[in-house]
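Scroll down for the structure; my scribbles are underneath it.
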Amino acid sequence: MKELIKLVEIIIQFIEPLVKSINNREEASILFNELGYSMPSDAILLESMKPVFDTFLKNIHVMVELIEEEENDKCLMYLPSFINCFKDVIDAIYHIDFDTDCYDSDFVNVIKLDSSFAIGLFDYLLVKLLQDTCCSLYPILMLLGVIEEKKIFETPTTYHIPYIKRIVHWNLIPDRIINPIDAIKKSYFSEEELKFDKLIGHLFNLANYFLLFPDIRNPEPILLKNLNKDGNLIELNRLNQLKVLDFPFINSLNQELGCKLYPIINLEKIIDGIGIGLYFSLDQELLISENFRIKIKSSSNLSNGLGLKIKKDGKLEFLNNIFTADASTIAENCPASFKISFISEAGEGSAISIGNPQGSRFEIGKCVLHLGLEKEKDYNLYLETDFQDCLFSLGLQEADGFIKKTCRENGVSSSFDFSVGWSSKDGLHFSGSAALDTTIQIHKSIGPICIDSVYLSMTPTKSGNIPIHVATTLKTLLGPVQAKIENIGLTTRITFPEKGGNFGPADISIAFKSPDGIAILVNAPNTIGGGRLFFDSLNNHYTGILQLEINKKIALTAIGIITTRLPDGSDGFSMLFSMFAEFNPGIQLGFGFTLNGIGGLIGINRAMAIKALQKGVRSGATDTVMFPDDPLKNPQKLFTSLESFFPATEDRFVIGPMGLLAWGTPPIIQAEIGLLIELPDPVRIALLGQLRMVLPSKEKDLIKIKLDVFGYIDFNKKELGIDATIYDSYLLKFPLSGDMAFRLNWGDQPMFILSVGGFHPSFTPPSGFPKLRRLTVSIGKGDNPRLTLDHYIAVTSNTVQFGSNLDLHGKACGFIITGHLGFDALFIFSPFSFIVDIRASVRLRGRVSVSVGLAARLSGPTPWNVRGKASFKVCRIRFRVPFNFTIGKKDEELLASKDISSILLGALRESANWAGALPPYMQMVTSLRSNTHAQEQKVSQDEAENKEPNPVSVVVMPMCPLEIRQTVLPLKQELSQFGHHKPKNYNYFEITSISLADIDEALTAHDIQDYFAPAQFLEMEDEEKLAAPSFEKQPAGISICNLDPDTSEGFDFGEFCARKSIRYESVIIDDLETGEHLDSSEWLDESENDPVIQSDTRDFLTNNTAAKRAPYHKSGAKRYNSKDVKPKIEWRDPQYKVQTESETEITKKGRVESGMTFFDAYRLRKEKSKNQTDRTKWFIDAYQEAA
């Protein structure tokens, strides 16, 4: 325990000046003089610290006694208490307090005004300790600028005296560890020149400690000249005053080794660099003593000394023959190296030993210090220390019986080597690493636990933090389960706050370091498998995968993700867990189908990212969601995909079952299906599917189809979407690919669109619709020959579109043939018309170039029209033949007439079109039900008796308006067509009057709107139908309101409105003493006698009920439902304007202040075009979409 004794001695030396000052006034006066104060003779300032120091001295005596009695285990047990007591001493120094009632108040007040007194006292004690113990740290820290000694001559008061101030720059320590060369630059390079005298003074002190016999002398002219060939030495006035530093390590007749440090002077006569001259004998080994030797190794191109120039800007330059007149710079492409090694061997024992020689201990057998320079492409200066023949021994002599039985009684020992170094290329680092971290291999067992390795890391940051990690990797075998815990241990973080920390100037925190991961291997008779857990404590992110195979029949896969921090950085919790079980053989379901697997997914504080899932379908990334093939192959990619598909979102939950189905034996069709539900409101439902088909078998896969499908329903956005993609597929080994998408919106922006492979070239899909690949099959291996067929089909609310392209390419015998055949078709059904564009071409290239082409458009019917051109080219001679044929005449009466008034009246009689609608700020908390069965019987009876049936009654909430709605046709619009028919008798409809039973009062009605497709009711050209909106809001009915939601005033429904007063419910409580029932019939015979609840009380109670506080009222868009809240941004339907082409250009440059619906714009354009010979003069232009 000699190292522990040394530690105690150092601590005693550290506090010795204070201990003496507490008990001796003269010693206290000397201490304060060292700190720059003249203490009054009658002052006793340090008595407040006496109790703390007395306690600590007692602990020192106890520790010394235990060490002398060789009670090693008791020493280790007592060590934490000893350290805590020493920490109290540090706190007492750093927070020293003086009592002005007991001492000279003026002197005490002067000290109290000096906020840095406590820091200065601690720094003085530490620097004094380093100086007195001849510690090598003192000159090193002085060299790096961490310790500074400054002469202070100012005396602000009579109590101040001149002194030497010792300063420890604690905040510079992390930066000096990261890059000591930069530290030297900052300390010695001013804006003008290098502080050369200060530098060689500190180096002189450092060399003295290592007994290198340094000498400060005048420079040698030839070496000074060689190092300053570019400088101005002739005009330098202080040439005779220059001093240089010489390190003559060895100087004998046969052996020499040393270096000289010179200044580099530029043309402005300013010192802006350092020059080093090394003199040595090539490749020699010098035996200094029995246990110490020096080994020199250099490249063959170095002779007569090596020179190194280090400029202020960090540039390095190598020079050869530095001590002769033939000195020259080593060329950039010429490699060179020099290394000197100081080797210290321990002989029979170890060089360094810490611990009990007969028990647990740590030993270093040999130390080798390497100092070198190397030049390849770049220069590199390095200093490394190798610790060889190291031994870590864990003794178990004092262990209990269980430990001795499970482990070897003589303990566990492990030998290893490691090194620590610094280089200008990698900075401070351990061996085998470019940073200050290393992994030491151990591979030793203690009973069921194997210590695999030890990890050490210290990575200082520029912000002033020094994190230190000490961790170990353990292996254990518990029955059939083998586990490996990676890098579990302790983390120590050291910082240096301006006002000090919990340990003097430093703030030290020690915490448990969670493992980086845990690997698990299961090898049981009927169960095999394994998994891995990943820990990212920095981001509070934990993931894991486990795979097991049971009896070779059931394969289990579990995947989990846990985060304890939300994406915005706030504290929170979210979890995503999925589990799958696959069966072999599958469970028979009938008709050749089998259930080959089941699974499920649950997400807490997770949501579905619809757009990410849609992209994942087209990229194949959704494979990670259901039944992943090999999750352990690339786990990080799997976790990243799941995180993007199901991001952490507070108060959202995702749950869904999954299944794996197959058909055939062996399976030739496999389908993975998953149904995901996101809760609470707004509810979203998603369907995931993957289809795999192989025909006729996996071994002979002539046909292979891989199809991924994703569908969703978003009730809040009133949107349904389906995406599908075919990839990695082929027919008879010919590649097959393509995409499909479907969108349906029944909200404020209605839309219906279905596409497989894309759209007609002239059609512009709505924004947000994905770009789809054509459904494509390629025939041919490689590019010659190649036959490619692609196809698309699309359906919108106005049109049906489809088309195909066939491309041929071949090359043989010096000829190249290319061909193309394709068409694009657009069909409109109301009124029926179509346009088909046909393209065909063949081209042969060789010595003679020949091509034939055809481009035509077929449109119809009535009239039928074919127009286009045919072309033929031989070499440079081209022939073109245009054509345009029309068959038949335009049939003005193409559409059959139809009476649509009867259809409209029938829709208005439907009871389903009569209902009560809640105001937007109210919620339906009760259900209304009418006696429809009795009403239907009454209607049937009236029909049997040939009586006009009474209309079916509708039950409406008292606060709700009565709505009559139909979707047959738009009201208040002049219709030019109705689907495939012309309106007969009437083409304009409007509800002009309203009557309700016997109520004579005038009823207020408001139009209610619904969406209608303009192409179904307006006669338009094909191009106009493509440009027209798919749907537009138009009057569809009326709303009769008996109560204005803003004024709460309205008319009385009379006998049709039932009223009920809200009263308290009276509850009878029996006499508890006699147990007799109290007769209340005399005073409580009717419920009308119950007291009525006043309106204010009623509103207060209803607003605080469980139903009102339910999450239903606070989730989704409902949290904003209020008649008093109006959105700052609202969505408006597109507005249109009829104008000429020149007016359209003006509109694009400026804002238009008025607009109309497309129906109104169409009617206005029609009116303006009646008297115009050129109808195309007027345009309908959309100018506003949102506000």
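Going left to right, the sequence shown walks through residues 1496 to 2682 as my numbering numbers them. We put the CB at the ideal spot given by N, CA and C, even for glycine.
Asked: Within 10 angstroms of the Cβ of GLU2560, are there 16 or more other Cβ atoms? Answer buried if so, exposed if not.; Found: exposed
Asked: Out of curiosity, what's the CA-to-CA distance linking SER1919 and ASP1670?; Found: 15 Å
Asked: DSSP three-state call for PHE2264: helix, strand or coil?; Found: coil
Asked: Within a Cβ cutoff of 6 Å, which residues of the same chain sit near ARG2060, ignoring the five residues on either side of it in sequence?; Found: ASN2035
Asked: Is there contact here, the region 2146-2162 with the region 2079-2096, by at least three beta-carbon pairs under 8 Å?; Found: yes
Asked: So what's HIS2315 in DSSP terms, helix, strand or just coil?; Found: strand
Asked: Beta carbon of GLU1981, beta carbon of GLY2024: below 8 Å?; Found: no
Asked: CA-CA distance, GLY1984 and ALA2050?; Found: 35 Å
Asked: Quick one, are the C-beta atoms of ILE2217 and GLY2154 less than 8 Å apart?; Found: no
Asked: Hey, how far is the Cα of GLN1883 from the Cα of THR1934?; Found: 15 Å
Asked: Contact between the region 2346-2365 and the region 2328-2337 is defined here as three or more beta-carbon pairs at a separation below 8 Å; is this criterion met?; Found: yes
Asked: Which same chain residues, not among the five before or five after PHE1998, have their C-beta less than 7 Å away from its C-beta?; Found: LYS1582, ILE1585
Asked: Pick helix, strand or coil for TYR1683, following the three-state DSSP scheme.; Found: helix
Asked: Rounded to whole angstroms, what is the Cα-Cα separation between PHE1742 and ILE1695?; Found: 11 Å
Asked: How should ASN2359 be labelled, buried or exposed, when 16 other C-beta atoms within 10 angstroms of its C-beta is the threshold for buried?; Found: Checking the sequence shown, residue 2359 turns out to be Trp, not Asn. It counts as exposed.
Asked: Would you list, in sequence order, the uninterrupted alpha helix (DSSP H) runs of no fewer than 4 residues that lie entirely inside the region 1914-1956?; Found: none
Asked: Are LEU1814 and LYS1804 close, meaning C-beta to C-beta below 8 Å?; Found: yes
Asked: Report all residues from its chain with a CB closer than 8 Å to the CB of PHE2374; omit the five preceding and five following residues, and keep chain order.; Found: SER2366, PHE2367, LYS2368
Asked: So, at 8 Å on beta carbons, what are the nonlocal neighbours of THR1880 in its own chain, with the 5 sequence-adjacent residues on each side left out?; Found: CYS1862, VAL1863, LEU1864, HIS1865, SER1914, VAL1915, GLY1916
Asked: Following the continuous alpha helix (DSSP H) through PRO1716, name the residue where it begins and the one where it ends.; Found: 1716-1722
Asked: Taking ALA2350 as the reference, which of ILE2198, LEU2316, LEU2339 has the closest Cα?; Found: LEU2316
Asked: Taking the C-alpha atoms as reference points, what is the distance between ASP2690 and ARG2187?; Found: One cannot answer for residue 2690 here, as it falls past the ends of the chain, which runs 1496 to 2682.
Asked: Looking only at its own chain, which residues have a Cβ that is under 6 Å from the Cβ of ILE2015, when we skip the five neighbours before and after it?; Found: ALA1978, GLY2025, GLY2026
Asked: Express the C-alpha separation of ASP2285 and ALA2053 in angstroms, rounding to a whole number.; Found: 41 Å
Asked: May I ask you to report which of helix, strand or coil DSSP gives PHE1991?; Found: coil
Asked: What distance in whole Å lies between the Cβ atoms of ILE2459 and LEU2403, which are believed to be in contact at a cut-off of 8 Å?; Found: 7 Å
Asked: Any idea what DSSP makes of CYS1597, helix, strand or coil?; Found: Here the model assigns CYS1597 a pLDDT of 48, short of 50, so the residue's position is not dependable, and the following value carries that caveat. CYS1597 falls in the coil class under three-state DSSP.
Asked: Where does CYS1885 fall in DSSP's three states?; Found: strand
Asked: Who does ILE1963 pair with in a DSSP beta bridge?; Found: MET1953, THR1987
Asked: For GLU1521, tell me which candidate among ILE2172, MET1534, ILE1510, LEU1530 has the shortest Cα-Cα distance.; Found: MET1534
Asked: For a test of the three-state rule: what should DSSP assign to PRO2377, helix, strand or coil?; Found: strand
Asked: Can you tell me which of ARG1712, LYS1545, ILE1760 puts its alpha carbon nearest to the alpha carbon of LYS1738?; Found: ARG1712
Asked: What first and last residue would you give for the beta strand (DSSP E) that runs through GLU1560?; Found: No beta strand (DSSP E) contains GLU1560, which is instead part of the alpha helix (DSSP H) from 1545-1563.
Asked: Skipping 5 residues on each side, what residues in its chain have a beta carbon closer than 6 Å to that of PHE1911?; Found: CYS1885, ILE1935
Asked: Taking DSSP's pairing of strands, which residues face CYS1580 in a bridge?; Found: CYS1580 pairs with nothing; no bridge assigned.
Asked: If you draw a straight line from the C-alpha of GLY2348 to the C-alpha of ARG2660, how long is it?; Found: 41 Å
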